[in-house]
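Engineer:
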Amino acid sequence: MLTTSHSVVYSNKQLPICKLFSAPCLLSFTENTECCDLVVNVLEAKDLIGPNRTENVSDSYVRVFLLPDKEATIQTKVYRGSNSPSYKERFLFSLNPREQSQRSLCFHVYSTDLLSHTLIGEGEIRLGDISLRQPVTTWVTLTDTGQKGTEFGEVMFSLSYLPTAERLTVVVVKARNLKFQSESPGDAFVKVSTISFLCFEHT
Numbered sequence: 001m002l003t004t005s006h007s008v009v010y011s012n013k014q015l016p017i018c019k020l021f022s023a024p025c026l027l028s029f030t031e032n033t034e035c036c037d038l039v040v041n042v043l044e045a046k047d048l049i050g051p052n053r054t055e056n057v058s059d060s061y062v063r064v065f066l067l068p069d070k071e072a073t074i075q076t077k078v079y080r081g082s083n084s085p086s087y088k089e090r091f092l093f094s095l096n097p098r099e100q101s102q103r104s105l106c107f108h109v110y111s112t113d114l115l116s117h118t119l120i121g122e123g124e125i126r127l128g129d130i131s132l133r134q135p136v137t138t139w140v141t142l143t144d145t146g147q148k149g150t151e152f153g154e155v156m157f158s159l160s161y162l163p164t165a166e167r168l169t170v171v172v173v174k175a176r177n178l179k180f181q182s183e184s185p186g187d188a189f190v191k192v193s194t195i196s197f198l199c200f201e202h203t
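Numbering (UniProt numbering), first residue to last: 1 to 203.
(1) Quick check on this structure: which residue in Gly81, Gly50, Phe107, Ser116 has the alpha carbon closest to the alpha carbon of proline 68?
(2) Quick check on the DSSP output: the beta strand (DSSP E) that includes phenylalanine 91 runs from which residue to which?
(3) Find the nearest neighbour of valine 171 within the set Glu55, Leu178, Gln102, Met156, judged by alpha-carbon distance.
(4) If you drop the 5 nearest sequence neighbours on each side, which residues of the same chain put their C-beta closer than 8 Å to that of threonine 143?
(5) Roughly how many whole angstroms lie between the Cα atoms of glutamate 154 and leucine 178?
(6) Closest to asparagine 96 by C-alpha separation, out of Leu127, Leu114, Ile74, would be which residue?
(7) Only counting the same chain, and skipping five residues up and downstream in sequence, which positions put a Cβ closer than 8 Å to that of serine 84?
(8) Quick check on serine 58: does DSSP put it in helix, strand or coil?
(9) Evaluate threonine 76 with the Cβ neighbour count: other Cβ atoms within 10 Å of its Cβ, from every protein chain shown; 16 or more gives buried, anything less gives exposed.
(10) Does the Cβ of serine 60 have 16 or more other Cβ atoms within 10 Å, making it buried, or fewer, making it exposed?
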């Protein structure tokens with residue numbers, strides 16, 4: 001269960017000292033035993049590359065999940081103008097110590113521009129494999145996921161939002177290069193869902 005999505009920006013003097021490993025996303029975490037909170041600090045990433053592997057990422061952000069409750073999501077602010085962003089944000093998850101061995105932290109790194117948000121990498125840490133009695137600071141290796149979406153084809157859609165009516169209009173335009181499990185193409189449909197930080201609102 002997510003207790004808060006509020007983030008705190010750290011100064012360089014407040015960051016923990018750490019040994020760097022060969023991996024692109026740096027984070028630290030520890031357990032607050034007084035209130036059973038898991039404290040997650042998303043610190044920085046290094047040398048992010050776009051999904052086409054030919055250009056660096058300029059603007060990016062990180063989403064964090066405490067599995068298996070993937071619908072409880074928090075994310076950093078968008079860091080602009082660098083492929084080695086320094087996020088320096090702090091988040092809290094509610095964590096029952098008895099459930100630590102069944103929980104994992106999952107990190108999704110996205111590149112973003114005016115028209116799109118693209119997943120470019122993901123990493124996971126199993127909490128049962130580490131001790132939270134002392135703060136842990138480590139680099140997390142990101143798996144390249146930038147091309148996963150193109151394996152099954154592409155969908156074009158448009159979005160428009162009317163603030164006065166609080167209405168979001170989604171137009172599914174077309175799809176192309178769809179891949180089916182069978183050799184002969186079948187019928188296709190598109191499922192659209194809106195998701196809040198805590199639950200599915202509508203499908």
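No residue lacks a Cβ here, since even glycine has one placed at the ideal position from N, Cα and C.
This structure is a prediction, so every number in the text was calculated from the model and none was measured.
Structural biologist: Result, derived from the coordinates:
(1) Phe107
(2) 86-94
(3) Minimum Cα distance to valine 171 is reached at Met156.
(4) Here the set comprises Gly121, Glu122, Gly123.
(5) 7 Å
(6) Nearest to asparagine 96 by alpha-carbon distance, out of Leu127, Leu114, Ile74, is Leu127.
(7) Glu44, Ala45, Lys46, Asp47, Leu48
(8) coil
(9) buried
(10) buried
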